[in-house]
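There are 2 protein chains.
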Amino acid sequence: MSRIIRPQSTAELLKQLARESEDLSANDRRDFLRRGITAVGALAATSVAGGALAESAGSTNLPPNEPSWSRQLGHGVVEHPYGSPSRFEKNVVRRTVPWLTAESISSISMTPLAELKGIITPNGLVFERYHAGVPVINPEEHRLILHGLVERPLIFTMDDLMRFPSVSEIKFLECPANGGMEWKGAQMEALQFTHGMLSCCEWTGVPLKVLLEEAGVKPEGKWILAEGADGAHMSRSIPLEKALDDTLVVYAQNGERLRPEQGYPLRLFNPGWEGNTSIKWLRRLEVGDQPWYHREETSKYTDLLASGKARKFSFVQETNSVITYPCPEKPVKHSGYIEIEGLAWSGRGRIKQVDVSFDGGVNWVPARLKGLVLPKALTRFSVDAQWHGQPWLLQARAIDETGYVQPTLKQLRAARGSNSIYHKNSIHTWKVAANGEVTNVQIT
Amino acid sequence: MSRIIRPQSTAELLKQLARESEDLSANDRRDFLRRGITAVGALAATSVAGGALAESAGSTNLPPNEPSWSRQLGHGVVEHPYGSPSRFEKNVVRRTVPWLTAESISSISMTPLAELKGIITPNGLVFERYHAGVPVINPEEHRLILHGLVERPLIFTMDDLMRFPSVSEIKFLECPANGGMEWKGAQMEALQFTHGMLSCCEWTGVPLKVLLEEAGVKPEGKWILAEGADGAHMSRSIPLEKALDDTLVVYAQNGERLRPEQGYPLRLFNPGWEGNTSIKWLRRLEVGDQPWYHREETSKYTDLLASGKARKFSFVQETNSVITYPCPEKPVKHSGYIEIEGLAWSGRGRIKQVDVSFDGGVNWVPARLKGLVLPKALTRFSVDAQWHGQPWLLQARAIDETGYVQPTLKQLRAARGSNSIYHKNSIHTWKVAANGEVTNVQIT
Numbered sequence: 001m002s003r004i005i006r007p008q009s010t011a012e013l014l015k016q017l018a019r020e021s022e023d024l025s026a027n028d029r030r031d032f033l034r035r036g037i038t039a040v041g042a043l044a045a046t047s048v049a050g051g052a053l054a055e056s057a058g059s060t061n062l063p064p065n066e067p068s069w070s071r072q073l074g075h076g077v078v079e080h081p082y083g084s085p086s087r088f089e090k091n092v093v094r095r096t097v098p099w100l101t102a103e104s105i106s107s108i109s110m111t112p113l114a115e116l117k118g119i120i121t122p123n124g125l126v127f128e129r130y131h132a133g134v135p136v137i138n139p140e141e142h143r144l145i146l147h148g149l150v151e152r153p154l155i156f157t158m159d160d161l162m163r164f165p166s167v168s169e170i171k172f173l174e175c176p177a178n179g180g181m182e183w184k185g186a187q188m189e190a191l192q193f194t195h196g197m198l199s200c201c202e203w204t205g206v207p208l209k210v211l212l213e214e215a216g217v218k219p220e221g222k223w224i225l226a227e228g229a230d231g232a233h234m235s236r237s238i239p240l241e242k243a244l245d246d247t248l249v250v251y252a253q254n255g256e257r258l259r260p261e262q263g264y265p266l267r268l269f270n271p272g273w274e275g276n277t278s279i280k281w282l283r284r285l286e287v288g289d290q291p292w293y294h295r296e297e298t299s300k301y302t303d304l305l306a307s308g309k310a311r312k313f314s315f316v317q318e319t320n321s322v323i324t325y326p327c328p329e330k331p332v333k334h335s336g337y338i339e340i341e342g343l344a345w346s347g348r349g350r351i352k353q354v355d356v357s358f359d360g361g362v363n364w365v366p367a368r369l370k371g372l373v374l375p376k377a378l379t380r381f382s383v384d385a386q387w388h389g390q391p392w393l394l395q396a397r398a399i400d401e402t403g404y405v406q407p408t409l410k411q412l413r414a415a416r417g418s419n420s421i422y423h424k425n426s427i428h429t430w431k432v433a434a435n436g437e438v439t440n441v442q443i444t
Numbered sequence: 001m002s003r004i005i006r007p008q009s010t011a012e013l014l015k016q017l018a019r020e021s022e023d024l025s026a027n028d029r030r031d032f033l034r035r036g037i038t039a040v041g042a043l044a045a046t047s048v049a050g051g052a053l054a055e056s057a058g059s060t061n062l063p064p065n066e067p068s069w070s071r072q073l074g075h076g077v078v079e080h081p082y083g084s085p086s087r088f089e090k091n092v093v094r095r096t097v098p099w100l101t102a103e104s105i106s107s108i109s110m111t112p113l114a115e116l117k118g119i120i121t122p123n124g125l126v127f128e129r130y131h132a133g134v135p136v137i138n139p140e141e142h143r144l145i146l147h148g149l150v151e152r153p154l155i156f157t158m159d160d161l162m163r164f165p166s167v168s169e170i171k172f173l174e175c176p177a178n179g180g181m182e183w184k185g186a187q188m189e190a191l192q193f194t195h196g197m198l199s200c201c202e203w204t205g206v207p208l209k210v211l212l213e214e215a216g217v218k219p220e221g222k223w224i225l226a227e228g229a230d231g232a233h234m235s236r237s238i239p240l241e242k243a244l245d246d247t248l249v250v251y252a253q254n255g256e257r258l259r260p261e262q263g264y265p266l267r268l269f270n271p272g273w274e275g276n277t278s279i280k281w282l283r284r285l286e287v288g289d290q291p292w293y294h295r296e297e298t299s300k301y302t303d304l305l306a307s308g309k310a311r312k313f314s315f316v317q318e319t320n321s322v323i324t325y326p327c328p329e330k331p332v333k334h335s336g337y338i339e340i341e342g343l344a345w346s347g348r349g350r351i352k353q354v355d356v357s358f359d360g361g362v363n364w365v366p367a368r369l370k371g372l373v374l375p376k377a378l379t380r381f382s383v384d385a386q387w388h389g390q391p392w393l394l395q396a397r398a399i400d401e402t403g404y405v406q407p408t409l410k411q412l413r414a415a416r417g418s419n420s421i422y423h424k425n426s427i428h429t430w431k432v433a434a435n436g437e438v439t440n441v442q443i444t
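Chains B and P supply the protein sequences, listed in that same order.
Take the first sequence: its letter number 178 is residue 178 in full-length UniProt numbering, and every next letter is one higher.
Take the second sequence: its letter number 322 is residue 322 in full-length UniProt numbering, and every next letter is one higher.
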C-alpha cells in the first residue's frame with residue numbers, strides 16, 4: 001500500500017496500455033468478454049444483461065429454485081431495536097492505513113466511497129479523525145462557554161442550545177489531508193484511501209450568528225477561537241465573517257444526535273471548509289481581535305510551498321471530483337454498457353459542470369449531474385459508456401458555480417509545489433486495463 | 001397505552017384547560033416559570049436562556065470545572081469500524097406496541113420521531129413492518145424474475161441490476177396503518193405510536209420502467225404483481241401507470257445497501273404510496289392484464305366504509321402532518337421562546353403550506369417550511385411562539401401542491417366512517433397543559 005508509483009506522461013501511459021492490450025491473446029479476450037453475458041434480444045443503449053428465463057417457468061408457475069429463506073420464517077420485530085447492516089455487507093466499513101499515523105488515538109479512518117450510492121453518507125460510515133481519541137461525554141454535564149470580546153458572556157447547556165430555532169442542511173465534510181498521500185505520486189491502491197476522508201450528511205444545529213447575537217460581539221471582535229472538550233483541546237481560529245455567514249453549532253447528523261466520533265454532543269460545523277475547523281466536542285467559543293496561532297494552525301494545517309513559506313488559514317476545500325465506479329475496489333467485470341459514476345464537490349458553492357475523460361485528459365465529454373445539486377454538498381455525476389476491453393485513462397474534472405476549474409496535478413504543483421500534505425484537489429486518474437482491473441496512476 | 005380517551009369538542013377542551021390553569025396556584029406558577037431561566041439581558045424575539053458566565057471566568061482564563069473527559073485520552077480509531085450512537089442515546093430506538101399484533105414475526109416497530117431532526121431518518125431507526133419476519137438472504141444467490149405478459153422473460157442477478165443507470169431520490173415511506181389506532185379515539189400516548197410508522201431516506205435503484213423496457217411489456221399488460229422472497233411471499237398488484245411513472249427497484253438506502261429489515265438485498269419502492277406496496281426482498285415481478293386480488297389487497301389493506309363496502313387499491317398516502325415538538329415525549333420545560341416544530345408530507349407531491357393552531361383549530365397561523373421541500377418527502381416546518389404557562393390545543397394542517405387540504409377527523413369520518421385501520425391522515429391535536437405536559441386528545 002505504501003509503494004509510490006512513478007508518475008508517467010499521458011503518452012507513456014497510453015502506449016503501455018496499448019501493449020498490454022496486444023498481450024491479451026484473442027482467445028483470452030473472447031472468454032473475458034463472454035463472461036457475465038447471458039442476455040437475449042436487441043436492447044436499448046443503456047441495456048445490461050438479464051438472464052433469459054428458463055422455458056419451463058411460464059407466467060403462471062412459481063419461479064424455479066425456491067430458496068431456503070422463502071420457505072421459513074425470519075427473525076421477529078423486537079430483536080434489533082437499533083438496526084445494523086446485513087452480515088453480507090461486513091466488509092463495508094471504515095478503514096485505517098496502519099503506517100499513516102503513529103497512534104490510533106490521533107489517526108484517521110476512511111469512508112468506503114466505492115460502496116456508497118447517492119449523496120448521503122450513513123452515520124456509521126462517516127470518516128473519523130481524532131487528535132486524542134473519542135471522549136465519552138455526558139450531555140447533561142456538557143456546557144458550551146461563549147466569552148471573550150462580548151457584552152454578555154454566556155454558558156449554554158445542551159437543553160439551552162436545542163431551544164433555539166434550528167436549521168438542517170445537507171453539506172459535505174472533508175479532511176484537507178484527503179488525497180494528501182498522493183502529492184508525491186500515486187500511492188494508495190483504493191478509492192477508500194485516495195479520497196475516503198470525505199462524507200456528506202444532513203446536519204442540524206443553531207447558526208453561530210444567533211449565539212453571537214445573544215452574547216453581543218464587541219466592535220473589536222474579529223476572530224473566534226473554537227475549542228474541543230477532547231484531551232487534545234483541539235482548537236482553531238475562525239474569522240468572524242464566516243461565523244456570521246453560515247457556521248453552525250451542530251447537535252444532529254442525518255436526523256439523530258451526533259455520533260461520538262463526530263463530536264457528540266456538540267460540534268462546530270463550517271460548511272465547505274477544512275474538516276478540522278469544524279471543532280468536535282465543542283466546549284468553548286472565545287471572541288478575540290486576532291487569530292490565536294494555536295498548534296493546529298501553525299505546525300499543522302498549513303501548506304508548505306516550494307519557496308519554504310507556508311500558506312496559513314487555507315480554509316476552503318476547493319472544487320474536487322473523483323470517479324467512484326470503476327475504481328480499484330470495483331473493477332469492470334462485464335463488457336457492454338457501463339455507467340461511469342463519481343462525486344464532485346466545492347467548498348465555494350454548487351457544482352456547475354463535470355467532464356469525464358477516457359484518455360487521460362486529451363478529450364472530454366460532459367457528465368450528467370444526478371439527483372440533488374446542493375451548495376457545498378456532494379454531487380453525484382455519471383456518463384454512459386460502452387466498454388469492450390479497450391484500455392482507459394479515466395479522469396473527472398469539476399467546475400463550480402464561481403467558475404473555478406479543478407486543476408491538473410501539474411497546475412497544482414506549479415502553484416503550490418509538492419511539499420504540502422493538504423488541499424490536493426487535482427484531477428485524479430484511474431487506469432482501466434484490458435482485463436477490467438483498475439489501478440491508481442498519476443499523470444505529470 | 002390501550003386506554004381510549006373520550007373525544008371532546010374544542011369548546012369542552014378549552015374550558016377544561018382554563019380550569020386546570022386556575023388550579024395551578026400563583027406561587028406554583030411563578031416557580032415553574034422561573035425554572036430553567038438563568039439568562040441575563042434583553043434578548044431577541046427568538047432568544048433563549050444561556051447562563052451568565054461566573055465572574056471569576058474572564059476571557060483569558062480556562063473555563064471552570066474542566067470535566068474528566070477533557071483530561072484524558074479517548075478511544076482510538078480502529079475499535080468501531082461501523083459506528084453506533086452514543087450510549088447516552090440508548091433510549092432513541094424503534095419501539096413496538098406489544099398488544100398491537102399477536103406475533104413479533106408479523107408486527108411493527110416505530111420510529112422515534114420526537115428525537116429526530118431534519119428530514120433524513122437514519123437507517124437504524126427506520127420503522128419496520130414484516131409479515132413473516134426478516135429473511136436472511138445471500139445477495140449472490142438472490143434473483144429477480146420478470147415474467148408474464150412480456151416479450152422476453154428475464155432473470156436478474158444483483159450484479160445485473162446494479163449495472164443499470166441508477167437514480168437516487170429522497171422520499172418518505174409510510175405504513176397506511178400509521179395512526180390507525182386513532183380512528184376510534186385518542187389512544188396512543190406518544191408521538192412514536194401515533195405517527196411513528198413513518199420515515200424518509202435517500203433511496204437508490206433502477207427505475208422499474210427501464211426493466212420493463214428490457215423485457216418488453218405486451219399490449220395487454222396492465223398490472224404488475226410484485227412478490228417478496230420472505231416466508232409470507234408478501235405480494236401486491238401495482239398498476240402499470242405507476243410502474244412507468246416513478247416506481248424504483250431499490251438496493252440502497254441513505255448511501256449504503258438496504259438494511260435487512262428494509263428488504264435486503266432488493267425491494268420495490270413506490271414513492272408516495274402505501275409502504276406495503278413497496279415489496280421487500282423483491283424476487284418476482286409478473287406482468288398481467290388485471291390485479292391479482294391477493295390476500296394483502298383483499299382481507300388487508302382495504303378500507304371498510306360505513307356502508308359496509310370497502311375501498312380497495314387506496315394506494316396514495318394523502319397529505320398529512322404532525323407536530324413533533326412539543327409532544328408527549330417532549331413536554332415544554334421552559335417558559336419564553338419556543339420553536340414549535342413538525343413534519344408534513346404528501347404522496348401526491350410537494351407540501352405547499354402548513355398552518356398551526358394553538359386553540360384546536362379556531363385560529364391558524366402560517367408555519368415556515370424549513371430546509372429542503374422535496375416532492376413525496378418529509379418536509380419540516382416550524383412556528384415561533386412564546387409560552388408562559390397558557391394552555392394550548394396544538395394542531396398542524398398541511399396543504400400540498402395539488403391544493404389538497406388535510407381534513408379534520410370529522411370530515412374524514414363523514415367520508416370514510418370509522419371502521420377503517422388505514423389512511424387516517426386527519427388533523428392531530430396535542431393538548432399542552434399549564435405545567436407543560438403534553439397529551440394526545442381528539443376533537444370531534
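Quick reminder that beta carbons are idealized off the backbone N, C-alpha and C, glycines included.
Since the model is a prediction, treat every value here as computed from it, not as a measurement.
By alpha-carbon distance to residue 400 of chain P, the top candidate from P:434, P:354, P:426 is P:354.
Under the 8 Å criterion on CB atoms, residue 71 of chain P is classed as interfacial with respect to chain B.
Sequence-distant Cβ neighbours of residue 294 of chain B in its own chain, meaning closer than 6 Å and more than five residues away, are 235. Rounded to whole angstroms, residue 362 of chain B and residue 411 of chain B show a C-alpha spacing of 16 Å. At a beta-carbon threshold of 8 Å, none of the residues of chain P lie near residue 190 of chain B; the nearest stands roughly 15 Å away.
In the assembly as shown, residue 228 of chain B is a buried residue. Its beta-carbon has 16 or more other beta-carbons within 10 Å. Ranked by Cα distance from residue 425 of chain P, the options P:77, P:318, P:158 are led by P:318. Taking a cut-off of 8 Å on C-beta distances, the region 87-95 of chain P does not touch the region 305-313 of chain B, as fewer than three cross pairs fall below it.
For residue 219 of chain B, the number of other beta carbons within 10 angstroms of its own is below 16, and it is reported as exposed.
Chain B places no beta carbon closer than 8 Å to that of residue 420 of chain P, leaving this residue out of the contacts. Annotated three-state conformation of residue 353 of chain P is strand, per DSSP.
Each of P:314, P:364, P:360, P:338 was checked against the Cα of residue 160 of chain B, and the nearest Cα belongs to P:338. In this structure, residue 431 of chain B keeps its C-beta atom at 8 Å or more from the C-beta atom of residue 113 of chain B. Each residue's CA atom was taken as its position, placing residue 124 of chain P and residue 19 of chain B some 50 Å apart. Residue 208 of chain B and residue 146 of chain B have their alpha carbons spaced roughly 11 Å apart. Around the beta carbon of residue 415 of chain P, fewer than 16 other beta carbons lie within 10 angstroms, which makes this residue exposed.
Straight-line spacing of the CA atoms in residue 397 of chain B and residue 326 of chain B works out to 16 Å. Taking C-beta separations shorter than 6 Å and ignoring five residues to either side along the sequence, the partners of residue 271 of chain P in its chain run 171, 246, 376, following chain order. The three-state secondary structure of residue 380 of chain P, taken from DSSP, is strand. Taking a Cβ-Cβ cut-off of 7 Å, the neighbours of residue 123 of chain P in chain B comprise 83, 122, given in sequence order. Taking 8 Å as the CB threshold, residue 231 of chain P lines the interface with chain B. Contiguous beta strand (DSSP E) elements confined to the region 282-309 of chain P occur at 282-288, taking only those with 3 or more residues. For residue 105 of chain P, the closest alpha carbon among the candidates P:297, P:82, P:129, P:372 is that of P:129. In chain order, 222 place their CB closer than 6 Å to the CB of residue 240 of chain B, counting only its own chain and leaving out the 5 sequence neighbours on each side. Between the region 380-399 of chain B and the region 275-290 of chain B, the count of Cβ pairs shorter than 8 Å is below three; the stretches do not touch. Taking 7 Å as the cut-off between beta carbons, the residues of the region 284-316 of chain P near chain B are 284, 286, in sequence order. The Cβ atoms of residue 10 of chain B and residue 118 of chain P do not sit closer than 8 Å to each other. Residue burial is scored here from C-beta neighbours: residue 102 of chain B has fewer than 16 other C-beta atoms within 10 angstroms and is therefore classed as exposed. Counted as a single uninterrupted DSSP element, the alpha helix (DSSP H) harbouring residue 192 of chain B occupies residues 191-195. Chain order gives the chain P residues near residue 255 of chain B as 116, 117, 118, 119, 120, 121, 122, 125, where near means a beta carbon separation below 8 Å. Contact of residue 384 of chain P with chain B is assigned, a C-beta pair being separated by under 8 Å. In the structure shown, residue 198 of chain P adopts extended strand secondary structure according to DSSP, grouped into three states.
The C-alpha of residue 150 of chain B lies about 53 Å from the C-alpha of residue 98 of chain P.
For residue 215 of chain B, no beta strand (DSSP E) run applies; the uninterrupted alpha helix (DSSP H) run containing it begins and ends at 208-215, by DSSP. Rounded to whole angstroms, the gap between the alpha carbons of residue 334 of chain P and residue 140 of chain P is 55 Å.
When the Cα atoms are used, residue 67 of chain B and residue 406 of chain B turn out to be separated by approximately 50 Å.
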